[in-house]
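Below is one structure, written out as structure tokens, with a few remarks after it.
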Amino acid sequence: MSTSTYEPYVPENGIRMIAEWERQDRVFMGWPTSVETCLNEANEHMFQDLRSDVAGMANAIIEFEPVVMLTDPEQITSAQEMLDARVTIVPFDFFDLWARDMLPVFVEKIDSDGKKTLVGVDFNFNGYGNKTECKKNAHLSSKLLEMYGIPKRPAHIISEGGALITDGRGTLFITDSCIVNENRNKQTKAEIERELKRVLGMRKIIWLEGVAGKDYTDGHVDCLVRYAAPGTVLLNCSFEGSTPDHWTRSNLAAEEVLKTATDADGTREVFVPCYTNFLIGNGFVLIPKFGDEESDLEAVRVVSSAFPGRKVISTGLSALACLGGGVHCFTKEQPEYHRGTIEEFVD
Numbered sequence: 513m514s515t516s517t518y519e520p521y522v523p524e525n526g527i528r529m530i531a532e533w534e535r536q537d538r539v540f541m542g543w544p545t546s547v548e549t550c551l552n553e554a555n556e557h558m559f560q561d562l563r564s565d566v567a568g569m570a571n572a573i574i575e576f577e578p579v580v581m582l583t584d585p586e587q588i589t590s591a592q593e594m595l596d597a598r599v600t601i602v603p604f605d606f607f608d609l610w611a612r613d614m615l616p617v618f619v620e621k622i623d624s625d626g627k628k629t630l631v632g633v634d635f636n637f638n639g640y641g642n643k644t645e646c647k648k649n650a651h652l653s654s655k656l657l658e659m660y661g662i663p664k665r666p667a668h669i670i671s672e673g674g675a676l677i678t679d680g681r682g683t684l685f686i687t688d689s690c691i692v693n694e695n696r697n698k699q700t701k702a703e704i705e706r707e708l709k710r711v712l713g714m715r716k717i718i719w720l721e722g723v724a725g726k727d728y729t730d731g732h733v734d735c736l737v738r739y740a741a742p743g744t745v746l747l748n749c750s751f752e753g754s755t756p757d758h759w760t761r762s763n764l765a766a767e768e769v770l771k772t773a774t775d776a777d778g779t780r781e782v783f784v785p786c787y788t789n790f791l792i793g794n795g796f797v798l799i800p801k802f803g804d805e806e807s808d809l810e811a812v813r814v815v816s817s818a819f820p821g822r823k824v825i826s827t828g829l830s831a832l833a834c835l836g837g838g839v840h841c842f843t844k845e846q847p848e849y850h851r852g853t854i855e856e857f858v859d
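According to this note's numbering, the stretch in the sequence shown is residues 513 to 859, in order.
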């Protein structure tokens, strides 16, 4: 783990993307609506298992903080039957499961007098590069911000939430394969980097290679690296003896970058081999379990060592994992609320 001491961080442009371990008001999730909404990869039997997985996650999280389940109005009853009564079910025309990617990316606007306002960045979701039908999904971010009275900050590029990982101090991890991809953005890499720095308040972007064209996301970074704290990066390493493929090569390429990478403060990043697709919440970390007792216990041990002071809990995720996602993909935390103006924040 990193032993570096960091001074309090105040961004020069008054915008800071909030780290996921900071205090949260709630976690958003989406209730599975139909087989057709699950990236066309689920059958009816799997669909029922998907609902069980989603309910299991929500019912685990609610022990630590509020959960809002965005639910198609016609599916309210099915959600009520499976969810803990403390989970807030909100009627919402939510077309898919992937809350992380479709909902806003939260930043805080810090005024010259130190006043902080929570702001949501709309990254213009386009169905993972027009791979899926996204007419409804394209407006989910704006609709949610309006519903909760949070001002919107429009981005001038296309991205998804799972493509962006920050330390909360102006350092961002991202993959070339996802963002510098004509199915999302026509701009040059330099232009994309400038916009990310503007809209998210970044000082430094660490680019990883990623994998294009092998899954819907084109290689989201949240399945590759995560921050446990400023200066400490968790890296999804391949198992010893794994058959070389595009994913193992991506992991190895990321490891090479991390060997010399420094953050926005100039501090060398310390990386730790670890599973990365988890949710950090108020006093807990939620990870998946897959029924292999030895491996599941080892995952709890490794994640616990990365997050001292947080309880690591695990939940079954077999059906959701078959769709290619993890706990992080199906959840979206809202940081602690700082009320500002409902007017769009544009600079």
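In this text, a Cβ means the ideal position worked out from N, Cα and C, and glycines have one as well. No experiment lies behind these values; they were computed from the predicted model shown.
Looking at the DSSP output, K698 bridges to nothing. When I717, E575, L712 are compared, the shortest CA-CA separation from K621 is found for L712. Here L747 has L736, V737, N763, A766, E767, L770, F783, V784, P785, C786, T788 as same chain residues with Cβ atoms under 8 Å from its own Cβ, once five neighbours each way along the sequence are excluded.
Under DSSP, P800 forms a beta bridge with T827. A direct Cα-Cα distance of roughly 13 Å separates G626 from R528. Contact annotation, E575 with P847: C-beta distance approximately 20 Å; criterion of less than 8 Å not satisfied. In the structure shown, G793 adopts extended strand secondary structure according to DSSP, grouped into three states.
Per the coordinates, the alpha-carbon of I601 lies some 6 Å from the alpha-carbon of L582. The beta-carbon separation of S689 and G641, rounded to 11 Å, does not stay under the 8 Å limit for a contact.
Around the Cβ of Q536, a 10 Å sphere holds 16 or more other Cβ atoms; the residue is buried. Here the alpha carbons of V566 and N649 stand approximately 19 Å from one another. Just measuring C-alpha positions, the residue of F842, P523, E519, W610 sitting nearest K628 is P523. Boundaries of the beta strand (DSSP E) around F685: 683-687. Burial check for T545: the Cβ neighbour count within 10 Å reaches 16 or more, so the residue is buried.
The Cβ atoms of R612 and G673 sit closer than 8 Å to each other. Apart from sequence neighbours up to five positions away, the residues of its chain that approach K643 with a beta-carbon distance below 7 Å are Y728, ordered along the chain.
In terms of CA proximity to M541, V580 leads the group C749, V580, H557. In this structure M558 is not in contact with C749, their Cβ atoms being roughly 29 Å apart against a cut-off of 8 Å.
Collapsing the DSSP output to three states places I527 in a strand. Contact between L684 and I677 holds, with the beta-carbon distance rounding to 7 Å and staying under 8 Å.
Residue environment for E705: buried (at least 16 other C-beta atoms within 10 angstroms of its C-beta). Take A572, set aside five residues on each side of it, and the residues of its chain with a beta-carbon closer than 7 Å to its own are L798, I825, T827, in chain order.
The C-beta distance from P603 to I588 rounds to 7 Å, short enough to meet the 8 Å contact threshold. The shortest CA-to-CA distance from I717 to any of D730, I669, K701 is the one to K701. Cβ atoms of G838 and L829 come within 8 Å of each other, at about 7 Å. Linking V633 to L708 through their CA atoms gives a straight-line distance of about 11 Å.
As the crow flies, the alpha-carbon of N697 is around 31 Å from that of R538. Cβ neighbours of G836 within its own chain (closer than 6 Å, five residues either side excluded): D727.
In this structure, the alpha-carbon of Y521 lies about 11 Å from that of D679. I662 is not a Cβ neighbour of V617, given a cutoff of 8 Å. Shortest Cα-Cα distance from L652 to any of N638, L615, A675, D623 involves L615. For L630, the pairing in a beta bridge is given by DSSP as E620.
As the crow flies, the alpha-carbon of W543 is around 18 Å from that of P800. R761 is bridged by DSSP to nothing; it lacks a bridge partner. Around the beta carbon of F802, fewer than 16 other beta carbons sit within 10 angstroms, so the residue counts as exposed.
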